[in-house]
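Okay, so here's the structure we're looking at.
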Amino acid sequence: MSPRSRYLASLVRSPVTPAAALVGVHVLLLASHDLAVDLGFTLGLLGAGFGALAWAVFGVRRAPLGRAGLLSLAVILRLLLLPLPPTLSDDVLRYVWDGKVLSAGANPYGLAPQAEQLEGLRDERWRVMPHRDVEAVYPPLALTLFSIAARFPRPVLAWKILVTALELAGCALLASLAARRGLDMRRVALYAWNPLVTLEVAGMGHVDAVGVALVIATVWALDARRAWAPVAAAGAVLAKLVPLPAIPLWARRAPRPARFAVVSAAVVAAGLAPVLWATGGVPPGWIRFGVSWEFNGPLYEPLWRLVAALRLDEAVKLGLDRLKLWTDAHELWNRFYPYVYPRLLAKGMLAALLAWMLWRLWKDRQADATATTGRTFAALVLCSATVYPWYLLWVLPWAALARQPAWLALTGLVLLSYLPQFGEVPLVPWVHAAIWLPFAVLLWRHPTWSTA
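One rule links them: number in the numbering used here = place in the sequence shown (from 1) + 477.
Pasting the structure below:
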């Protein structure tokens with residue numbers, strides 16, 4: 478072998494090379510500034526980032542990777558994307574607005590951004606903010622953090638720094654959990670260096686990262702048998718409601734299940750009670766989000782179309798007609814007709830499927846908290862009517878530790894869902910199929926979650 482060939486071979490085998498490639502991809506993303514302008518180029522860069530990640534994790538196995546190296550590169554990658562404007566998602570504009578409203582002493586759960594009472598708070602960000610007719614949809618811990626960021630001169634950057642710092646703390650706990658279990662740090666790198674994570678957390682500033690960090694803290698504390706595990710679990714719910722179904726499953730695997738359940742329920746209740754009292758019930762924004770939001774659901778998109786094609790809604794209405802005749806309770810059954818339409822029926826079917834999946838997880842006493850957490854959030858994603866790219870943040874830490882190929886691949890595939898949002902490409906059928914069919918094949922072939 479010639480000296481040049483040996484040099485090239487050493488570069489390929491060196492762990493520095495894929496790390497440098499990851500940094501280079503993030504530098505180019507930063508240089509692009511507005512990632513939505515040339516979405517094809519952006520997706521190409523992100524694809525190169527996933528290639529560099531695979532190279533770093535699977536291509537240079539002989540080189541040791543310690544926690545310091547893992548976290549150092551994780552910090553660098555996130556710092557590079559902090560200055561990016563939130564052009565792929567404008568959620569952060571809403572975060573800052575809700576924080577501003579709360580800091581002003583108003584109730585963001587009762588007043589939508591377009592409310593006349595908030596006219597004095599309007600600024601340039603308000604003019605480009607979406608869903609100005611919808612009240613706040615985020616739980617109280619999230620709003621508290623929003624209000625902290627809103628007090629700074631550059632609130633968007635302040636929020637991104639805050640959420641990135643919290644998410645990096647979650648990375649450190651995930652690395653600690655892996656070390657305690659004797660797992661290779663490369664598994665953690667599948668999360669910590671993942672371009673989806675760096676983009677959606679440091680780049681776009683999604684609040685989901687706060688909940689994910691608290692979920693990691695919960696599992697870490699359960700594994701270490703720490704008394705504060707239920708408080709972390711409740712905090713995750715108060716950051717975003719997504720982890721709520723996981724609390725009973727975590728309690729079942731806690732050293733003292735009853736204590737975990739009582740403490741977590743008490744903290745959640747204490748956090749939500751002022752919100753429910755101030756709005757006289759469930760906040761209207763939460764109801765609007767739960768009923769109306771839908772995009773890229775893996776099972777939902779084909780299911781509601783199938784329900785419509787088979788006219789199952791008409792069959793349900795026919796059943797209601799017969800019930801009225803049999804029971805003579807016309808007023809009672811007439812209340813159900815407005816809810817009988819394909820989309821809501823599909824959501825009801827998926828809610829039933831989710832309940833069955835969670836019941837299966839409840840009965841599985843062999844799975845530890847890590848596998849249970851991964852499978853729980855995987856079930857939530859599969860049964861959701863809405864799956865934006867950043868929703869995969871909930872699954873990814875556990876898919877990384879388990880090296881679950883289907884869910885790891887999905888973190889790259891799901892970025893294709895940006896195409897319908899910024900172009901004239903419809904989601905269904907081709908983009909949806911390009912995301913979910915490869916995932917389905919991989920999941921069929923590799924369904925298990927294991928850290929062995």
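Don't be surprised by glycine CBs; every beta carbon is placed ideally from N, CA and C.
Cα atoms of residue 618 and residue 585: separation of roughly 13 Å, rounded to the nearest angstrom. Burial of residue 881 is indicated by the presence of at least 16 other C-beta atoms within 10 angstroms of its C-beta. In the structure shown, the three-state DSSP call for residue 773 is strand. Judged by their CB atoms, residue 502 and residue 663 are not nearer to each other than the 9 Å cut-off. At the C-beta level, residue 516 and residue 670 stay beyond 9 Å of one another. In summary, residue 571 is buried, with 16 or more beta-carbon neighbours lying within 10 Å of its beta-carbon over all protein chains present. As a beta-bridge residue in DSSP terms, residue 863 pairs with 772 and 773. Counting C-beta atoms within 10 angstroms of its own C-beta, residue 805 has fewer than 16 neighbours from the protein chains shown and is therefore classed as exposed. One Cα belongs to residue 641, the other to residue 751, and the distance between them is close to 28 Å. Between residue 726 and residue 800 the beta-carbon gap is near 36 Å, outside 8 Å, which marks them as no contact. Where residue 834 is concerned, the enclosing alpha helix (DSSP H) starts and stops at 819–840. The three-state secondary structure of residue 895, taken from DSSP, is helix. Annotated three-state conformation of residue 737 is helix, per DSSP. With respect to residue 894, residue 772 sits close: the two C-beta atoms are nearer than 9 Å. The shortest C-alpha to C-alpha distance from residue 856 to any of 492, 873 and 548 is the one to 873.
Residue state for residue 582 is assigned as coil, using DSSP reduced to three classes. The beta carbons of residue 676 and residue 595 sit no closer together than 9 Å. Contact between residue 660 and residue 551 does not hold, since their C-beta atoms are separated by about 16 Å, which reaches or exceeds 8 Å. DSSP places residue 798 within a helical segment (H, G or I) once states are collapsed to three. Ranked by Cα distance from residue 608, the options 798, 566, 713 and 778 are led by 566. Cβ neighbours of residue 611 within its own chain (closer than 7 Å, five residues either side excluded): 589, 762 and 765. Taken through DSSP and simplified to helix, strand or coil, residue 517 comes out as helix. Around the C-beta of residue 914, fewer than 16 other C-beta atoms lie within 10 Å, and the residue is accordingly described as exposed. Rounded to whole angstroms, residue 878 and residue 649 show a C-alpha spacing of 14 Å.
DSSP places residue 705 in the coil class of the three-state scheme, outside both helix and strand.
The stretch 596–652 contains, as complete alpha helix (DSSP H) runs of 4+ residues, the segments 601–605 and 617–627 (chain order).
In this structure the stretch 769–788 lies against the stretch 854–868, because at least three pairs of beta carbons, one per stretch, are closer than 8 Å. Short of 8 Å from the beta carbon of residue 655, and not among the five residues preceding or following it, lie these beta carbons of its own chain, in chain order: 661, 662, 664, 665 and 878.
Setting aside the 5 residues that flank it on each side, residue 708 is surrounded in the same chain by 740 and 744, each with a C-beta closer than 7 Å to its C-beta; the list follows chain order. Residue 840 counts as exposed, since fewer than 16 other C-beta atoms from the protein chains shown sit within 10 angstroms of its C-beta.
With respect to the 9 Å criterion, residue 673 and residue 889 are classified as neighbours on the basis of their beta carbons.
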